[in-house]
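Protein chains: 2
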Amino acid sequence: MATIQDVAKAAGVSPMTVSNVINDHPNVRPATREKVLEAMTRLDYRVNVAARNLRKGRTGTIGLAVPEVDSAYYGLLAATVIAAAERRGLRVSIEQTASRDNELDALSLSRNRLYDGLILSAAGMGQSDAERLRVDHPVVILGDRIFGGPVGHVAMPNFDASRAATRHLIERGCRRIAIVCGTVEEVDTSSLRIAGYRKALEDAGLPADRALVQQVDRLGMREGAERAREMANGGLDFDGVFCVTDSLAMGVLRGLADVGARVPDQVKVIGFDNVPESEFLIPSLSSVDPDHDGMAERAVDLLIGRIEQTEPPTRHQDVVGGFSLVIRESTGG
Amino acid sequence: MATIQDVAKAAGVSPMTVSNVINDHPNVRPATREKVLEAMTRLDYRVNVAARNLRKGRTGTIGLAVPEVDSAYYGLLAATVIAAAERRGLRVSIEQTASRDNELDALSLSRNRLYDGLILSAAGMGQSDAERLRVDHPVVILGDRIFGGPVGHVAMPNFDASRAATRHLIERGCRRIAIVCGTVEEVDTSSLRIAGYRKALEDAGLPADRALVQQVDRLGMREGAERAREMANGGLDFDGVFCVTDSLAMGVLRGLADVGARVPDQVKVIGFDNVPESEFLIPSLSSVDPDHDGMAERAVDLLIGRIEQTEPPTRHQDVVGGFSLVIRESTGG
DNA sequence: TTGTACGCGTTATCAG
DNA sequence: CTGATAACGCGTACAA
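Here is the structure:
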């Protein structure tokens, strides 16, 4: 593999000149530039990014750490972040954190030195881990659970959006509304969404029946389907379901179909995330549409601010995204 | 940011000893090791991966380049490759190629020097690009289109699986079977799947009606839905649809619902990829289940072989994966 | 336009 | 056997 020195020698110039050509620096005579370019193609030269990164201390790449790469939501999130970063001239490398011990690996792991900064979509991280985030590397959390840590933080409008989603079900005539959510340990996505759900019930003067709060281990389709069947077969009385993710909702729709419950006639269902699939389900799924683009933009901007040092790296920043409701067939369209 | 020198100084040893401690090399007395570890925590030392990579010429990470990160199939693919690589002690960084000029960027781009090797899931790449793959870097193509290039290649069982899928529709009584596929330019996924489809029709003595070959720009849900509606509204006579991806099939199911066509009674639908969503659709989607795990394993193994130089880096290797049919409601399963 | 030092960890070589 | 010293990987900032 040819080095910049080889090219320099072949072109009869100094390594520095080759570097100048590569980086489109001015002050290189056209003739010289030609010679260098010719030598580069002849030797099939490629810059050694490791060397460049080492010297520059910058990589032009940010990392995006997500719990899973194979869920609709995180796929959407990744695509949105990539688009936002690209508009700002940054590349994105995605890494999956799930199979490793925990998300903190992605931070503490020296690996983050390969990135100018890291956007971390937290899932299994708790408040207690917040302090461990006190790294000198630029980090922005995209998601929930972490509050007040020394990092940037772009959060979903969990409470308000969940309240709105639940209110929508109420407006459509539901009186016994279940929520399917994750197990609640501390302040996290599920607990905030439950709070919004409860608030909406309270606003409407509906009783909060604990039996209607259905917690599952994973927020996946399978868990949604199983739980929906259990709810129906177990004789639970409900006429609406608010699912804290669309994946859960997809499963719930399927589970309800399995037990012969008609949606939206007998049960109305609304999800959260508005993943692309929602529009094409049968019935199509009503969902909370968080402002994915806006949140991704904000996350990238926050991160750039930290990278550029315009923000003290350990300062806390908090941003909450907007949302809208997308009403489709599953709530009577 | 502390360097290894700083740690050495703080611990009163040489940088070399620190390096030995970091890398668990023997020949370090426990007492010395302790001193070094203490200094490391005290200074909050993190190895500079850029420097290490530069020196070692290895990163322990492979790249995975996919056209999109937000489709069910590529998400699944990524998760599978990550799992396979992890079993072999390799990390995976995912990059999206779609928004850039073309997949070749991922190769020619110097960036690949950050990875020990690259698994490239080709989509827009044609035979003509094959030669440009003649890089000295370890590359394995996971997908289709490229044949005989100087790279490893793990292909889907396109022909056989498509034939089997179509045959399945025939066995279920379909006589007018449409195929929804991508636009065909050269030897690619769609053309191979069309060939398998045609072969199955031929085997059964069914005529090949060109009107039943429905080509769409993108293999996405929206395109599937639109096309299904057009087919039905346009008066096309069909009682079965083979979609070359599950995403297309999801859209087709939705499009058929829009026009009131009952699946599987009036029209049977089968997809390709067996993405996780398929199981939970209503109706659940029959699909070709390629041996994702096996293919990912093979791809990673091929790549490792090239990285370890046990294979000449420019040698061509070809592997075709296995498959099975998963029969669900959409074909009367 | 070029020489030189530098970024930082590791490999090779050498001394205790 | 433990540890130190020096050179190296390769591209770039800065002074010349």
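So the sequence lines, in the order shown, correspond to chains S and U. Residue 9 is where the first sequence starts when you use this note's numbering, and the numbers rise one by one after that. Residue 9 is where the second sequence starts when you use this note's numbering, and the numbers rise one by one after that. Even glycine gets a Cβ: it sits at the ideal position worked out from N, Cα and C. Remember, it's a predicted structure, so these values are computed and weren't measured experimentally.
- Along the stretch 275 to 286 of chain S, going in chain order, the ones with a CB nearer than 8 angstroms to a CB of chain U are Pro284, Glu285.
- For S/Arg237, the enclosing alpha helix (DSSP H) starts and ends at 229 to 241.
- Listed as beta-bridge partners of U/Ser294 by DSSP are U/Ile278.
- Residues of chain U with a Cβ closer than 7 angstroms to the Cβ of S/Asn61 are, in chain order, Ala58.
- Just measuring C-alpha positions, the residue of S/Asn31, S/Glu94, S/Ala86 sitting nearest S/Lys64 is S/Asn31.
- Its chain contains Ser295, Asp297, Val334 as the residues whose beta carbon lies nearer than 6 angstroms to that of U/Asn282, once the 5 sequence neighbours on both sides are disregarded; these appear in chain order.
- Every alpha helix (DSSP H) stretch that sits fully inside the stretch 47 to 94 of chain S and reaches 4 residues is listed by chain position as 57 to 64.
- Taking the C-beta atoms as reference points, U/Cys251 is found nearer than 8 angstroms to U/Val277.
- Across the set U/Arg96, U/Ala208, U/Thr69, the C-alpha of U/Ala208 shows the shortest separation from the C-alpha of U/Ala186.
- Chain-order list of chain S residues neighbouring U/Ala307: empty, with the shortest C-beta distance near 16 angstroms, by a criterion of under 8 angstroms.
- The alpha helix (DSSP H) runs of length 4 or more contained entirely in the stretch 181 to 224 of chain S are, from start to end of the chain, 197 to 211.
- Below the 9 angstroms Cβ cutoff, chain U contributes Glu285, Phe288, Leu289 as neighbours of S/Met258, in chain order.
- Scanning S/Pro272, S/Met48, S/Arg50, S/Val21 for the CA closest to the CA of S/Val36 turns up S/Val21.
- For U/Ala87, the closest Cβ of chain S is nearer than 8 angstroms.
- DSSP lists U/Thr69 as the beta-bridge partner residues of U/Arg99.
- Counting C-beta atoms within 10 angstroms of its own C-beta, U/Arg66 has fewer than 16 neighbours from the protein chains shown and is therefore classed as exposed.
- Taken through DSSP and simplified to helix, strand or coil, S/Ile127 comes out as strand.
- What S/Leu150 touches in chain U, judged by beta-carbon distance under 9 angstroms, is nothing: the nearest beta carbon there is about 15 angstroms away.
- For U/Met239, the closest Cβ of chain S is not nearer than 8 angstroms.
- Going by DSSP, S/Gly248 is part of the beta strand (DSSP E) stretching over 248 to 251.
- Listed in chain order, the non-local C-beta contacts of U/Glu337 below 6 angstroms within the same chain comprise Pro291, Ser292, local neighbours out to five positions each way being set aside.
- Cβ atoms of S/Arg171 and S/Asp247 stay farther apart than 8 angstroms, at about 19 angstroms.
- U/Val221 and U/Ala236 have their C-alpha atoms spaced approximately 12 angstroms apart.
- Counting the other Cβ atoms within 10 Å of the Cβ of U/Asp225 gives fewer than 16, which makes it exposed.
- DSSP lists S/Ile149, S/Asp326 as the beta-bridge partner residues of S/His161.
- The beta carbon of S/Leu126 does not come within 8 angstroms of any beta carbon belonging to chain U, so the residue lies off that interface.
- The Cβ-Cβ distance between S/Asn166 and S/Gly204 falls below 8 angstroms.
- Ranked by how close their Cα comes to the Cα of U/Ser286, the residues S/Met229, S/His324, S/Glu287 have S/Met229 in first place.
- Contact annotation: S/Asp299 and S/Gly330 have beta-carbon atoms nearer than 8 angstroms.
- For U/Phe167, the uninterrupted alpha helix (DSSP H) run begins and ends at 166 to 179, by DSSP.
- Taking a C-beta cut-off of 7 angstroms against chain S, the contacting residues of the stretch 222 to 237 of chain U are Met229, Ala233, listed in chain order.
- Sixteen is the threshold: when 16 or more other Cβ atoms of the shown chains lie within 10 Å of the Cβ of U/Thr197, as they do, the residue is buried.
- Residue-level contact by beta carbon holds for S/Arg262 and chain U, with a gap shorter than 8 angstroms.
- Taking the Cα positions, S/Asp217 is about 19 angstroms away from S/Glu179.
- Residue pairing by DSSP places U/Ser286 in no beta bridge whatsoever.
- U/Arg262 and S/Asp266 have their C-alpha atoms some 19 angstroms from each other.
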